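Novice: The structure under discussion is supplied below as structure tokens; questions concerning it will follow.
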Amino acid sequence: MPELPEVETVRRGLHELIIGRVVKKVVHDTPKSFPNAAADVEQFLIGATITDVRRRAKVLLIDLSTDYTLVIHLKMTGQLVFRAKDVAFGAGHPNDSLIGELPDRSTRVTFDFADGSHLYFNDQRKFGWVKLLPTLEVPNIDFMQRVGPEPLEADFTPEQFRERFKRKAKSPIKAALLDQTVIAGVGNIYADESLWGAKIHPLRKVGVLTDKDFDRLYYELRDVMNLSIEKGGSTDRNYVNAEGKKGSYIDFARVFRREGKPCPRCGTIIVKFKAAGRGTHICPNCQKLM
DNA sequence: CACTTGACCTGTCCGC
DNA sequence: TGCGGACAGGTCAAGT
């Protein structure tokens, strides 16, 4: 589900909503979603104040006053939804919300704050997780050691972008884009959208792409992700922001989930096929393999 | 080492 | 209506 723009949208929402709140109680169901030792939870999470909400790649980092951090990956269907004290749901709730009363059957972890508000970690497919780690150890975990640069950072250049792909010469470009060790945060939606923008076929080998191809891809990827953040991310199925509301980028998508519809650039019918193990959408006229 | 495939889970949708 | 199979936005371990 959530790629960089969705996780960033959640981060911004939580940054507004939970900093300064004090964790009072935590309950969880499967240890797969919350594999933390009870003693650590008691010592470093209960009673802690939230001091910051950060993001690296698709990972959320909620910093605590105990110098511990909640490291959270939403994977495909994870949601982090804040609810103020005594908010009634049901009749009259906004129709841009996907979820009602919480907790529900997908709730894996519930954080109760001292002021009566709550944070719910929902995850239908149980791929996601919440791990409590010392803040100083977060950069040392395997994922953080291997993950590539943030593509939206101001100092990330087209030259650096191109350089990151050098060792993937024999990969199809889509597989390389999805590889988190090359560039951070790209998932299936923005891979398809940026490749369409750059007029590159997803199965073109990285090694045959020109500098100009990479330049176009760099700008398209950044444009598409920035636009999505502006629109609050993409809600295809499950994604919601920190207030439980949908994002609207999908309304602006040019190829993703638009199979059978005309290409906005040339009118050719968009087709869907499998590439890099994932559903892939292209305009067969704009994105030629050879 | 680099690349591809299957597994992890639950829910939904589509065809028979 | 019921049932089986395919598919879903991510990542890792195992395979080639």
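Quick note: the first sequence uses the numbering used here, first residue -3, plus one each step. Note that the Cβ used here is the ideal one computed from N, Cα and C, for glycine as well. Since the structure is predicted, the reported quantities are computational estimates derived from the model, not experimental observations.
1. Give the range of the alpha helix (DSSP H) segment to which N184 is assigned.
2. Quick one: complete beta strand (DSSP E) runs, 3+ long, within the segment 20 to 59?
3. Determine the DSSP secondary structure at A87, reduced to helix, strand or coil.
4. Counting C-beta neighbours from all protein chains within 10 Å, is the total for A194 16 or more, i.e. buried, or is it exposed?
5. Answer with buried or exposed for N184, where buried requires no fewer than 16 other C-beta atoms within 10 angstroms of its C-beta.
6. Using C-beta distances below 7 angstroms, list every residue in its chain close to A271, excluding the 5 sequence neighbours before and after it, in chain order.
7. Can you check whether the CB of C259 is closer than 8 angstroms to the CB of L281?
8. Measure from the alpha carbon of K166 to the alpha carbon of each residue in G240, D188, M140 and K201, then state which is nearest.
9. In the structure shown, what three-state DSSP assignment does T5 receive?
10. Which residues in the same chain as P(-2) place their Cβ atom closer than 6 angstroms to its Cβ, once the five residues preceding and following it in sequence are excluded?
11. Judging by CA-CA distance, which residue of F152, K122 and V77 is the nearest neighbour of H11?
12. Take R274 as the anchor and find which of F252, F248 and G124 has the nearest alpha-carbon.
13. Considering only DSSP beta bridges, list what H277 is partnered with.
14. Buried or exposed: where does A87 fall if 16 or more other Cβ atoms within 10 Å of its Cβ makes it buried?
15. Mind checking M221: buried by the 16 CB within 10 Å criterion, or exposed?
16. Only counting the same chain, and skipping five residues up and downstream in sequence, which positions put a Cβ closer than 8 angstroms to that of I196?
17. Secondary structure at H197, three-state DSSP: helix, strand or coil?
18. What first and last residue would you give for the beta strand (DSSP E) that runs through K170?
19. Is the segment 122 to 134 touching the segment 145 to 153, taking contact as three or more C-beta pairs under 8 angstroms?
20. For F248, which residues from the same chain have a beta carbon less than 7 angstroms from its beta carbon, with the 5 sequence-adjacent residues on both sides left out?
21. Taking C-alpha atoms, which residue in R158, Y186 and S190 lies nearest to V178?
22. Would Q75 be called buried (16 or more neighbouring beta carbons within 10 Å of its own) or exposed?
23. Would the beta-carbon of S113 fall within 8 angstroms of that of R7?
24. What residues are listed by DSSP as bridge partners for K127?
25. Please classify N32 as buried or exposed, where buried requires at least 16 neighbouring CB atoms within 10 angstroms.
26. What would DSSP say about Q156, mapped onto helix, strand or coil?
27. Could you check the C-alpha separation between V22 and T62 for me, to the nearest Å?
28. Do L94 and K242 come within 8 angstroms of each other at the CB atom, strictly closer than that value?
29. According to DSSP, which residues form a beta bridge with F107?
Specialist: For this structure:
1. N184 to G193
2. 46 to 52
3. Residue placement at A87 is poorly supported in this model, since its pLDDT is 42, which falls under 50; the coordinates are not used for a value here.
4. buried
5. buried
6. P168, K170, P198 and L199
7. What sits at residue 281 in the sequence shown is Asn, not Leu. Yes.
8. K201
9. helix
10. L70 and Y235
11. V77
12. F252
13. K268
14. Reliability fails at A87, whose pLDDT of 42 lies under 50, so the model's placement of it is uncertain and the value that follows must be treated cautiously. When all chains shown are included, A87 counts as exposed.
15. buried
16. I169, L205, D209, R212, L213 and Q283
17. coil
18. From DSSP, K170 is part of no beta strand (DSSP E) but of the alpha helix (DSSP H) over I169 to L174.
19. no
20. L223 and K227
21. R158
22. buried
23. no
24. V67
25. buried
26. helix
27. 16 angstroms
28. yes
29. V22 and L115
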